[in-house]
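A short write-up of the structure that comes next.
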Amino acid sequence: MEFQIEKNSPVPVVKQIQEQIKLSIAMGTLKKGDFLPPIRDVEKQTGINRGQIHRAYLALRRAGLVSPAPGKRIAVAVSAAAPDFISKKCEELSKDIIKRIRGIGIAPIAFARYLSRSTLEDERRSPFIAYVDPDREIALRRAGQISHLWQARIIGLSADEFKLALAHGSKIRKVLVNHLARDTIRHLTRGRKIDVIPIKISFTEQTIRVLGKIRTSSLLVLLPNHAITGAPFIVEQLHKRIKYREANISWMDVNEVRDFNHLLNSSEYDRILVSPGARSKVPVELLNHSRLVLLQMELDLEDLEIARIRAGMIA
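For the sequence shown, this note's numbering gives the first residue as -16, with consecutive numbering after it.
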């Protein structure tokens, strides 16, 4: 692999190296298990200080895209988003477009800017990527977060809205989902050419601190219906964060709670943990109850970077 470094570009060299590797992974040029060029070779080829190359490789490692390999080498750690034939088609299409626009007297870089504006307008009319969650509020919030991080338009849809969009001929081709809701959303896309990309979610630092202070033995976690199948995983993660070894954690579908006041005031459970998807079912006046713990979750940034590659978002 050879790097094309523009030393006068406003884009930092470290960023250029990262993005070219990400592009190669996304397009299938670099496959899982392939080795990145040694830092010394990249230094000779580009004239870039090896410290900057090391920083670029380190950032890719932290993002989970590459990992150490025997012989002090660095190997690609993720699968390509695009099959080989798609990579080949993109390369052929790019060469054809450049040849045509040169033929009509337009600078390739000028056409690239025009194409960028046109594609943004097209995606505004017909979104390509969506974050889908059974809970609409969560879907909108996480879509906003990812849009900001990726600098791209990601729409947020509830599972019901997504199902309706499909029925009306939606052109969405990439669907991002909380990894616990993957099977639920994938079922909706059966028979369609839609790539469902799961992203891990984890407890926020604030939630981890709160869980670490719990010293009670009887706990109940309330979950939305779609998360019940993932209850064992959630309980396992809670046990890792709750340091009190005698803690016994049960779970319940929040829709089965008939009386929240009774649940909170009974002696059956010492604390009630509420997952984000179940929060809307809790009466507002009880959200600050001393025995209630509102769990906060966030997208795993390492997994999100891998999802970005799978979704083909390489700019």
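Don't be surprised by glycine CBs; every beta carbon is placed ideally from N, CA and C.
Tell me the residue span of the beta strand (DSSP E) that contains residue i.
{"i": "Ala90", "result": "Premise fails: Ala90 is in no beta strand (DSSP E) and is neither H nor E."}
{"i": "Val257", "result": "254 to 257"}
{"i": "Val276", "result": "275 to 277"}
{"i": "Leu205", "result": "201 to 206"}
Tell me, which residues are paired with residue i by DSSP?
{"i": "Tyr114", "result": "Gly139, Leu159"}
{"i": "Ala58", "result": "Phe18, Ser50"}
{"i": "Met235", "result": "Leu205"}
{"i": "Phe186", "result": "Met280"}
{"i": "Ile180", "result": "Leu159"}
Residue i by DSSP, collapsed to three states: which one?
{"i": "Asn248", "result": "helix"}
{"i": "Pro215", "result": "helix"}
{"i": "Leu13", "result": "coil"}
{"i": "Val25", "result": "helix"}
{"i": "His37", "result": "helix"}
{"i": "Ser(-8)", "result": "coil"}
{"i": "Ala294", "result": "coil"}
{"i": "Val240", "result": "coil"}
{"i": "Leu270", "result": "coil"}
{"i": "Gly195", "result": "helix"}
{"i": "Tyr97", "result": "helix"}
{"i": "Lys5", "result": "helix"}
{"i": "Gln(-13)", "result": "coil"}
{"i": "Arg175", "result": "coil"}
{"i": "Ser153", "result": "coil"}
{"i": "Glu229", "result": "coil"}
{"i": "Val(-3)", "result": "helix"}
Using a Cβ-Cβ cutoff of less than 7 Å, which residues in the same chain neighbour residue i once the five nearest sequence positions on both sides are dropped?
{"i": "Phe243", "result": "Val265, Pro266, Leu269"}
{"i": "Ile(-12)", "result": "Val(-4), Gln(-1), Thr29, Ile31"}
{"i": "Tyr339", "result": "Residue 339 lies beyond the residue range present for the chain, which begins at -16 and ends at 298; the question has no answer from this structure."}
{"i": "Leu123", "result": "Gly139"}
{"i": "Leu56", "result": "The residue asked about is misnamed: residue 56 is Arg in this sequence, not Leu. So the list reads Phe18, once near-sequence residues are dropped."}
{"i": "Phe94", "result": "Ile84"}
{"i": "Trp133", "result": "Arg291, Met296"}
{"i": "Phe(-14)", "result": "Ile0, Gln3, Val25, Gln28, Thr29"}
{"i": "Tyr114", "result": "Ala122, Arg125, Ala126, Ile129, Ile137, Gly139, Leu159"}
What residues in its chain sit with their C-beta under 6 Å from that of residue i, if we drop five residues either side in the sequence?
{"i": "Ala148", "result": "none"}
{"i": "Ile191", "result": "Arg224"}
{"i": "Leu221", "result": "Ile232"}
{"i": "Leu275", "result": "Ile255"}
{"i": "Arg33", "result": "Ile22, Glu26"}
{"i": "Asp286", "result": "Ile182, Lys183"}
{"i": "Glu74", "result": "none"}
Residue range of the alpha helix (DSSP H) that residue i falls in?
{"i": "Ser170", "result": "One detail in the question is off: residue 170 reads as His in this sequence, not Ser. 165 to 171 is the span of the alpha helix (DSSP H), which, as asked, contains His170."}
{"i": "Ile129", "result": "119 to 133"}
Using a Cβ-Cβ cut-off of 8 Å (strictly less than) and excluding sequence neighbours within five positions of residue i, which residues of its own chain qualify?
{"i": "Ser50", "result": "Arg44, Ile57, Ala58, Ala60"}
{"i": "Gln1", "result": "Ala39, Ala42, Leu43"}
{"i": "Trp234", "result": "Leu203, Val204, Leu205, Leu206, Ile211, Ala214, Ile217, Val218"}
{"i": "Ile184", "result": "Asn161, His162, Leu163, Met280, Glu281, Leu282, Asp283"}
{"i": "Arg198", "result": "Tyr227"}
{"i": "Lys154", "result": "Ser109, Pro110, Phe111"}
{"i": "Gly195", "result": "Arg224, Ile225, Lys226"}
Say yes only if the C-beta of residue i is nearer than 8 Å to one or more non-hydrogen atoms of the ligand COA, and no if none qualify.
{"i": "Ala290", "result": "In terms of ligand content, the structure shown is empty, and the ligand COA therefore cannot be addressed."}
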